[in-house]
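Asker: Following this message is one structure expressed as structure tokens.
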Amino acid sequence: MAELYNSAAPKKAANLSINSDLLRKTRELNINLSATLERALKEELSKREAAQWVEENRAAIKSYNDFVEQHGCFGDEFREF
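Going left to right, the sequence shown walks through residues 677 to 757 as my numbering numbers them.
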């Protein structure tokens, strides 16, 4: 499976707006904002790309499921469970 993004790409500064109380509390706990945001964005990107893949392949998945429903799975006659 292809990588979600180039993890070796250089860092780039970005300006963000964030709830001031949330920011204060994270700073009090020395939470690394950049690392936390990168993890959250990676997770969201993964979810969105998976959903996009399902949508792009919906017709093929339905076709396969219909075929299996009508004809069974390959090797069903040899299964012992």
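By construction, the Cβ of each residue, glycine as well, lies at the ideal position given by its N, Cα and C atoms.
Remember, predicted model here, so these are calculated numbers, not experimental data.
Rounded to whole angstroms, how far is the Cβ of E725 from the Cβ of L680, which I believe are closer than 8 angstroms?
Answerer: 7 angstroms
Asker: Just the C-alpha distance for R755 and Q746, rounded to the nearest angstrom, thanks.
Answerer: 18 angstroms
Asker: For the putative contact between T702 and L713, defined by C-beta atoms under 8 angstroms, what is the C-beta separation to the nearest angstrom?
Answerer: Contact doesn't hold; Cβ gap of about 11 angstroms is too wide.
Asker: Closest to N682 by C-alpha separation, out of K718, L698, E731 and F743, would be which residue?
Answerer: K718
Asker: Taking the straight line between their C-alpha atoms, what separation do you get for A689 and D742?
Answerer: 49 angstroms
Asker: What is the rounded straight-line gap between the Cα of S696 and the Cα of A716?
Answerer: Answer to the nearest angstrom: the Cα atoms are 19 angstroms apart.
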